[in-house]
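Q: Position in the sequence shown counted from 1, then plus 272, gives you my numbering.
Ideal placement from N, C-alpha and C gives every residue a C-beta, glycine not left out.
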Amino acid sequence: MEFRAGFTTSFQLVTVRKGPHHQRAHDTLVTIGRTGPSHIVLPADCDALAIWRVTVGSEGASGFGRWKLRIADGDALPRLPSGTTQGKGTRTFAYFSPKPYFEYAPVVHYDFADAPGTIVYTPANGGKRQIRFTSAADQRGTLRLPQHGYVTVSEHGKWHLSMT
Numbered sequence: 273m274e275f276r277a278g279f280t281t282s283f284q285l286v287t288v289r290k291g292p293h294h295q296r297a298h299d300t301l302v303t304i305g306r307t308g309p310s311h312i313v314l315p316a317d318c319d320a321l322a323i324w325r326v327t328v329g330s331e332g333a334s335g336f337g338r339w340k341l342r343i344a345d346g347d348a349l350p351r352l353p354s355g356t357t358q359g360k361g362t363r364t365f366a367y368f369s370p371k372p373y374f375e376y377a378p379v380v381h382y383d384f385a386d387a388p389g390t391i392v393y394t395p396a397n398g399g400k401r402q403i404r405f406t407s408a409a410d411q412r413g414t415l416r417l418p419q420h421g422y423v424t425v426s427e428h429g430k431w432h433l434s435m436t
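1) Just tell me which of LEU341, PRO353, HIS381 has its CA closest to the CA of GLN411.
2) DSSP state of PRO309, grouped into three classes?
3) So the candidates are HIS420, PRO388, GLY278; which of them puts its Cα closest to the Cα of GLY398?
4) Could you check how far apart the C-beta atoms of SER310 and ARG351 are, in whole angstroms? I think they sit under 8 Å.
5) Put GLY361 into one of helix, strand or coil per three-state DSSP.
6) Considering Cα atoms alone, identify which of TYR393, ILE323, TYR376, PRO378 is closest to ILE304.
7) How would you call GLU427, buried or exposed, if buried means at least 16 neighbouring beta carbons within 10 angstroms?
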């Protein structure tokens with residue numbers, strides 16, 4: 273899906289799943305700032321999506337609260353580059369390259385330059401997602417891609433990705 277945040281507001285997108293006894297489980301999918309369109313892949317077991325406006329302070333005044341959401345085709349996503357790429361904000365890449373041999377699993381190296389961020393791998397077949405939250409002390413790392421799927425990078429500042 274494609275999400276466009278308001279002019280001066282940040283939003284948190286949260287997946288909603290049915291739980292026992294009609295309870296709902298809420299998991300933060302991504303936090304999106306005012307960076308233009310962002311592409312996000314919903315997990316296969318998601319029943320609904322909640323959109324929460326991030327407020328600053330007790331007054332709740334954080335700018336305009338408008339947003340737009342549309343369903344985007346998977347083909348509209350940019351392919352995960354084989355070299356190095358950099359960006360800002362939230363971006364989703366598709367990985368559907370042929371494997372040179374069966375056991376091959378590329379590794380994505382990530383570096384959140386300005387602030388901690390999140391990187392999420394969602395398998396194309398609906399399997400279990402891998403989520404990496406970084407901290408101020410640990411903003412670099414690697415993520416192995418065992419099969420075809422989608423990689424979402426989310427941070428308010430700059431990030432760098434490379435694939436080996």
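A: Here's the rundown:
1) Position 139 of the sequence shown, counting from 1, holds the residue named residue 411. A check of alpha carbon separations from GLN411 across LEU341, PRO353, HIS381 identifies HIS381 as the nearest.
2) Taking the sequence shown and counting its residues from 1, the one referred to as residue 309 is at position 37. Reduced to three states, the DSSP call for PRO309 is strand.
3) Taking the first residue of the sequence shown as 1, we reach residue 398 at position 126. The shortest Cα separation from GLY398 among HIS420, PRO388, GLY278 belongs to HIS420.
4) Counting from one through the sequence shown, the residue named residue 310 turns up at place 38. Counting from one through the sequence shown, the residue named residue 351 turns up at place 79. At roughly 17 Å, the Cβ-Cβ gap does not stay under 8 Å, so SER310 and ARG351 are not in contact.
5) Walking along the sequence shown from the start, residue 361 turns up at place 89. In this structure, GLY361 counts as strand in the three-state DSSP scheme.
6) Locating residue 304 in the sequence shown gives position 32, counting from the first residue. Among TYR393, ILE323, TYR376, PRO378, the Cα nearest to that of ILE304 is on ILE323.
7) Walking along the sequence shown from the start, residue 427 turns up at place 155. That one is buried.
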